[in-house]
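Residue numbers (my numbering): 435 to 725.
Pasting the structure below:
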């Protein structure tokens, strides 16, 4: 099995300290047995997280298309992930709150999505899928082609300014959604309950799927706690990963951070290399920090 783990590390100092103290014996054993192979990604400012770049390479696609992968779509439509968000205005700019902060129920998500259908209407060729409460997908035969935007996973919990889309079309769609949501009855209900209003949407992860499988099992249990800034839950999820999937025989392991995704795989070893590995313990913290 080829196992991929997104958000295995982070550049935040608190996160680095968290994984620096984690006991992960099965991860250490896997790294001692496997050999470094391909590396994908560039830096933490790239619009797509490294695990998306790695998945595109494994699918033999030129660019990531996480929305199309999520809906398991064919190449007939281009897809985008649309996420309802709360933009919090502070003294240092505008931040995108983590999805968990919205406490958005499935029923309320369906109501908000139904409201937004008038902007992306079926009569104009748009297709909708509600993947979960905070991740929706919209598809179209032509309207999304050539449009690029950062993944929601890059934007969450951070100031929005560096990630604003260059596309005028996307900016117009965001403005139209904001006007539609402003002081709407659905948001009045949320405000009365003491919940964050949904005052915008984020549209990203755009592309088509070529239909080729990635041949990898993606275990994304680290994603939500890290994006929500819950390092205690992230550390607990790491330990469950170590006790579960990482305790199984693997043919390949891809660890993904904010900058790089690195694959480790089985390779023939010389007798000397086998002896070295028997007496060497891999520095798990160093491997994760390098991502």
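For every residue, glycine included, the Cβ atom is placed at its ideal position computed from N, Cα and C.
Is it right to say residue 516 is buried, meaning 16 or more other beta carbons lie within 10 angstroms of its own, or is it exposed?
-> Stepping through the chain shown from its first residue, residue 516 is reached at position 82. Buried is the call here.
For a test of the three-state rule: what should DSSP assign to residue 637, helix, strand or coil? On the chain shown, position 203 is the one that residue 637 refers to. Of the three classes helix, strand and coil, the one that applies to residue 637 here is strand, per DSSP.
Item checked: Status (buried if at least 16 other CB within 10 Å, exposed otherwise) for residue 751 -> Any answer about residue 751 is impossible in this case: the structure gives the chain only from 435 up to 725.
Open item on the list: Using only the alpha-carbon positions, how far apart do residue 677 and residue 437 sit?
Closed with: Within the chain shown, numbered from 1, the residue matching residue 677 stands at position 243. Within the chain shown, numbered from 1, the residue matching residue 437 stands at position 3. A straight line joining the alpha-carbon of residue 677 with that of residue 437 spans about 14 Å.
Tell me whether the region 554-569 and the region 500-508 touch, counting them as touching only if at least three CB pairs, one residue from each stretch, are closer than 8 Å.
Under the Cβ criterion (8 Å, minimum of three pairs), the region 554-569 counts as touching the region 500-508.
- Query: Can you name, in chain order, every residue of its own chain whose Cβ lies under 8 Å from the Cβ of residue 479, other than the five neighbours on each side?
  - Reply: Position 45 of the chain shown, counted from the first residue, corresponds to residue 479. 596, listed in sequence order.
Between which two residues does the alpha helix (DSSP H) carrying residue 554 extend? Counted from its first residue, the chain shown places residue 554 at position 120. Counting along the chain, residue 554 falls outside any alpha helix (DSSP H), and DSSP gives it neither H nor E.
task = Write down the C-beta distance between residue 553 and residue 583 rounded to the nearest angstrom, noting that I regard them as a contact closer than 8 Å.
result = If you number the chain shown from 1, residue 553 lands on position 119. If you number the chain shown from 1, residue 583 lands on position 149. No, residue 553 and residue 583 are not in contact; Cβ-Cβ is about 16 Å, not under 8 Å.
Where does residue 572 sit, in a helix, a strand or coil, going by DSSP?
-> For this step, residue 572 is matched to residue 138 along the chain shown. In this structure, residue 572 counts as strand in the three-state DSSP scheme.
- prompt: Going by the CB atoms, is the gap between residue 619 and residue 456 shorter than 8 Å?
  reply: Within the chain shown, the letter at position 22 stands for residue 456. Within the chain shown, the letter at position 185 stands for residue 619. 8 Å or more divides the Cβ of residue 456 from the Cβ of residue 619.
Between residue 488 and residue 585, what straight-line distance do the alpha-carbon atoms span, to the nearest angstrom?
Residue numbering aside, residue 488 sits at position 54 when the chain shown is read from its first letter. Residue numbering aside, residue 585 sits at position 151 when the chain shown is read from its first letter. Cα to Cα, residue 488 sits roughly 14 Å from residue 585.
### Query
Just the Cα atoms here: how many angstroms apart are residue 550 and residue 558?
Position 116 of the chain shown, counted from the start, is the residue given in the question as residue 550. Position 124 of the chain shown, counted from the start, is the residue given in the question as residue 558. Those two C-alpha atoms are separated by around 13 Å.
* Asked: Tell me which same chain residues have a C-beta within less than 7 Å of the C-beta of residue 685, skipping the five on either side of it?
  -> In the chain shown, the residue the question calls residue 685 occupies position 251. Only 435, 436, 699 and 700 meet the Cβ criterion.
Under a three-way DSSP split, which group does residue 486 fall into? Along the chain shown, read from residue 1 onward, the residue named residue 486 stands at position 52. Residue 486 sits in a helix when the DSSP states are folded into three classes.
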